[in-house]
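Q:
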Amino acid sequence: MVSKPLHIKFKNQSTFNSSCGLCLNNACLIKRNLKALERSEIVNLKSTLPCKKGQQFIIEGAPVNGLFFILKGTVKVFRTGINGREQIVRFAKEGEIIGHRGFGTEEYYSIGAIALQDAVLCYFSKENLQDTLLENPKFAYDMMLFYANELNRSENKVKSISQMTVRERVIDTLLYIHRKFGDLRGFLNLPLSRKEYADYAGTTEEQVIRIFSSLKKEGLIKARGKKIAITDVQLLKKEISEHHYFLDT
DNA sequence: CCATTAAATTCAA
DNA sequence: TTGAATTTAATGG
Numbered sequence: 011m012v013s014k015p016l017h018i019k020f021k022n023q024s025t026f027n028s029s030c031g032l033c034l035n036n037a038c039l040i041k042r043n044l045k046a047l048e049r050s051e052i053v054n055l056k057s058t059l060p061c062k063k064g065q066q067f068i069i070e071g072a073p074v075n076g077l078f079f080i081l082k083g084t085v086k087v088f089r090t091g092i093n094g095r096e097q098i099v100r101f102a103k104e105g106e107i108i109g110h111r112g113f114g115t116e117e118y119y120s121i122g123a124i125a126l127q128d129a130v131l132c133y134f135s136k137e138n139l140q141d142t143l144l145e146n147p148k149f150a151y152d153m154m155l156f157y158a159n160e161l162n163r164s165e166n167k168v169k170s171i172s173q174m175t176v177r178e179r180v181i182d183t184l185l186y187i188h189r190k191f192g193d194l195r196g197f198l199n200l201p202l203s204r205k206e207y208a209d210y211a212g213t214t215e216e217q218v219i220r221i222f223s224s225l226k227k228e229g230l231i232k233a234r235g236k237k238i239a240i241t242d243v244q245l246l247k248k249e250i251s252e253h254h255y256f257l258d259t
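Counting in this note's numbering, the first sequence runs from 11 upward without gaps.
(1) When DSSP builds the beta bridges, which residues end up paired with Gln-97?
(2) So, under 8 Å CB-CB, Gly-83 and Phe-134 are touching, yes? Tell me the CB distance rounded to an integer number of Å.
(3) Could you tell me which residues DSSP puts in a beta bridge with Gln-66?
(4) Spatial neighbours of Ala-72 within its chain, please: CB distance less than 7 Å, with the 5 preceding and 5 following residues excluded, ordered by chain position.
(5) Applying the 10 Å Cβ sphere with the 16-neighbour rule, what's the burial state of Arg-49?
(6) Please determine, among His-110, Val-243 and Phe-79, the residue with the shortest C-alpha to C-alpha distance to Asn-36.
(7) Should Glu-106 go down as buried or exposed, given a rule of 16 or more other Cβ atoms within 10 Å for buried?
(8) Per DSSP, which residues does Arg-76 bridge with? Please list them.
(9) Can you give the Cα-Cα distance for Asn-138 and Phe-113, rounded to whole angstroms?
(10) Does the pairing of the stretch 209 to 217 with the stretch 169 to 185 give three or more beta-carbon distances under 8 Å?
(11) Please name the residue in Leu-144, Leu-34 and Lys-237 whose C-alpha comes closest to that of Ile-52.
(12) If you drop the 5 nearest sequence neighbours on each side, which residues of the same chain put their C-beta closer than 7 Å to that of Ala-46?
(13) What residue from Val-87, Lys-41, Lys-56 and Ile-238 has the CA that sits closest to Phe-67's CA?
(14) Report all residues from its chain with a CB closer than 6 Å to the CB of Thr-183; omit the five preceding and five following residues, and keep chain order.
(15) Cα separation between Lys-226 and Lys-232?
(16) Measuring alpha carbon to alpha carbon, tell me which residue in Gly-91, His-110, Glu-165 and Ile-98 is nearest Leu-39.
(17) So Lys-232 is in the beta strand (DSSP E); what residue range does that whole segment cover?
(18) Closer than 7 Å by C-beta to Gln-173: which residues in its own chain qualify, once you throw out the five before and the five after it? Chain order, please.
(19) Quick one: residues in its chain with C-beta nearer than 6 Å to the C-beta of Leu-261, no 5 flanking neighbours on either side, listed in chain order?
(20) Determine the contact status of Ala-125 and Gly-192, defining contact as a CB-CB distance below 8 Å.
(21) Between which two residues does the beta strand (DSSP E) containing Ser-57 stretch?
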């Protein structure tokens, strides 16, 4: 399966070159190991696919055939609960790996993934990746570090969901978005609906709206539609400090 | 949870 | 670029 459009036109904006050698994304594991991988076929066997905003590119329960790296854009990764409620597992940005949990022995994806903005994904087949990992210890080691990190993160999340109050979880979510995506002209650099905040924090849309309202009254945040500004990061951190060690990214 | 109104976003002319 | 149509936010029951 060799398909590689070299250039992908992107909504009247820039053009992205999908060849790893020219890629600017230094957060990417492949890119970082490019020297070690130069003898491998991996880079030639990848495919690059554009993905429109709102498009789901991993479906829960579908067979695992490979995994994705985000070249451009942001993505939400979620799992559907028993009553159809969505639990957002994480928000992922450029350079991150999606679908890795299904990689080892799992046959089917346990998560779904949707592009939050127009995105470009690099896709590597399972076989390709397996061959490369077997041949390349440095690359395999980096992958292992990545998995270890993910496990740590996921354990922290269990703790926060089970031990924090709703208000604390919402604040925690705001801080997570803030430190992962930063802000742009004072507003969080990732527009999310209240529903999405709720699905990450493990609560309901109404709760999020009401907590946002109190936070606004207290002067801790400002909101204009989907654009949220954190006016006092320190005070917010203080409110959840007893639970949190800020280990996750 | 649902209904209502206000506000914001999208879309196409 | 505008405003009409659609979606999302906010509040109160």
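Where a beta carbon is used, it is the ideal one built from N, C-alpha and C, also for glycine. Owing to the predicted nature of the structure, the values given are computational and were not obtained by experimental measurement.
A: According to the structure data:
(1) DSSP, once it has assigned bridges, lists Arg-89 as partnering Gln-97.
(2) Rounded to the nearest angstrom, the Cβ distance from Gly-83 to Phe-134 is 18 Å, too far for a contact under 8 Å.
(3) Beta-bridge pairing links Gln-66 to Ile-124.
(4) Excluding positions up to five away in sequence, the list reads Tyr-118 and Tyr-119.
(5) The residue in question, Arg-49, is exposed, as its Cβ has fewer than 16 Cβ neighbours within 10 Å.
(6) Comparing C-alpha distances from Asn-36 to each of His-110, Val-243 and Phe-79 shows the shortest one belongs to Phe-79.
(7) Glu-106 should be labelled buried.
(8) For the record, residue 76 in the displayed sequence is Gly; it is not Arg. Looking at the DSSP assignment, Gly-76 forms a beta bridge with Ser-135.
(9) Our two residues, Asn-138 and Phe-113, have alpha carbons roughly 12 Å apart in a direct line.
(10) Here the stretch 209 to 217 lies against the stretch 169 to 185, with 3 or more beta-carbon pairs under 8 Å apart.
(11) Restricting attention to Leu-144, Leu-34 and Lys-237, the CA atom closest to the CA of Ile-52 is found in Leu-144.
(12) Closer than 7 Å at the Cβ level, and outside the excluded window around Ala-46, lie Asn-146, Lys-148 and Phe-149.
(13) Closest in alpha carbon position to Phe-67, among Val-87, Lys-41, Lys-56 and Ile-238, is Val-87.
(14) Residues of the same chain with a CB within less than 6 Å of the CB of Thr-183, apart from the 5 flanking positions on each side, are Tyr-207, Tyr-210 and Ala-211 in chain order.
(15) In this model, Lys-226 and Lys-232 are separated by some 6 Å (Cα to Cα).
(16) Checked all of Gly-91, His-110, Glu-165 and Ile-98; the closest Cα to Leu-39 is His-110.
(17) Here the beta strand (DSSP E) through Lys-232 covers 231 to 234.
(18) Excluding positions up to five away in sequence, the list reads His-253.
(19) Because residue 261 is not part of the residues shown, which for the chain are 11 to 259, the question remains open.
(20) It is not a contact, given that the beta carbons lie outside the stated cut-off.
(21) Start and end: 57 to 61.
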